[in-house]
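Trainee: Next up is a structure, given as structure tokens.
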Amino acid sequence: MAPFEALYGCKCRIPLSWDQIGERQLFGTEVLSEAEKKVRIVRERLRIAQTQQKSYAENRRRELTFEVGDYVYLCVTPLKRVHRFQTKGKLAPCFVGPDRILEHRCEVAYQLELPSNMVGIHDVFHVSQLKKCLRVPEEQASSEHIDIQEDQTYVEKPVRILETNERRT
Numbered sequence: 463m464a465p466f467e468a469l470y471g472c473k474c475r476i477p478l479s480w481d482q483i484g485e486r487q488l489f490g491t492e493v494l495s496e497a498e499k500k501v502r503i504v505r506e507r508l509r510i511a512q513t514q515q516k517s518y519a520e521n522r523r524r525e526l527t528f529e530v531g532d533y534v535y536l537c538v539t540p541l542k543r544v545h546r547f548q549t550k551g552k553l554a555p556c557f558v559g560p561d562r563i564l565e566h567r568c569e570v571a572y573q574l575e576l577p578s579n580m581v582g583i584h585d586v587f588h589v590s591q592l593k594k595c596l597r598v599p600e601e602q603a604s605s606e607h608i609d610i611q612e613d614q615t616y617v618e619k620p621v622r623i624l625e626t627n628e629r630r631t
């Protein structure tokens with residue numbers, strides 16, 4: 463049933479259907495009962511559509527919970543207009559971090575320990591803006607064995623060769 467038909471009780475007359483006159487005219491209680499019936503039909507169809515859309519949305523929904531001390535990545539795509547992260551345009555990062563969770567504020571909000579370059583950004587974020595960090599950030603390579611030259615570059619040296627392929631021509 464079209465919205466026009468539900469509201470006015472007859473089909474919308476376009477110039478092609480002007481010669482067709484509606485059915486019979488309803489009076490008194492017949493008009494009220496007919497309108498109530500149409501409203502019930504519209505409400506039922508809206509309820510069915512809402513439950514169907516709700517089931518589609520809940521299929522993709524996932525419960526995210528983090529513990530205090532966990533490391534998470536912060537989604538920065540909504541913050542692009544507020545703060546620039548290293549590069550701009552297509553190569554801008556989607557996530558930055560990892561950052562440590564300091565406090566669980568409420569059911570869906572967490573306070574993060576942000577680095578010093580993000581000083582102007584509020585430190586409490588919704589759970590949908592966070593992504594679990596699977597690797598602990600303390601497990602980083604030490605910089606003691608790297609010889610940094612004056613122009614801030616270094617030479618990479620292989621530790622060992624894992625596999626070789628010989629090409630026959």
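Counting the sequence shown from 1 gives a position; this note's numbering is that position plus 462.
All residues carry an ideal CB built from backbone N, CA and C; glycine is no exception.
1. Going by DSSP, what residue range makes up the alpha helix (DSSP H) through Q611?
2. Helix, strand or coil for P465? Go by DSSP, reduced to three states.
3. By the three-class DSSP mapping on this structure, what secondary structure does L526 have?
4. By Cβ distance, which residues of its chain are closer than 6 angstroms to T539, with the 5 residues on each side in sequence left out?
5. Smallest Cα separation from V504: which of M463, P577, V586 and Y535?
6. Determine the direct distance from the alpha carbon of K516 to that of A497, and round the result to whole angstroms.
7. Quick test of the definition: if touching needs 3 or more C-beta pairs under 8 angstroms, does the stretch 522-529 touch the stretch 589-600?
Mentor: Well, looking at it:
1. Stepping through the sequence shown from its first residue, residue 611 is reached at position 149. Neither: Q611 is in no alpha helix (DSSP H) and is coded neither H nor E.
2. Position 3 of the sequence shown, counting from 1, holds the residue named residue 465. Helix at P465.
3. By one-based count along the sequence shown, residue 526 stands at place 64. In the displayed model, L526 falls within coil according to three-state DSSP, outside both helix and strand.
4. As a first step, residue 539 must be located in the sequence shown, where it is residue number 77. Excluding residues up to 5 positions away in sequence, C556 lie with their Cβ nearer than 6 angstroms to the Cβ of T539 in the same chain.
5. Walking along the sequence shown from the start, residue 504 turns up at place 42. When only C-alpha atoms are compared, the closest one is M463.
6. Residue numbering aside, residue 497 sits at position 35 when the sequence shown is read from its first letter. Residue numbering aside, residue 516 sits at position 54 when the sequence shown is read from its first letter. Cα to Cα, A497 sits roughly 28 angstroms from K516.
7. At 8 angstroms Cβ cutoff, the stretches touch.
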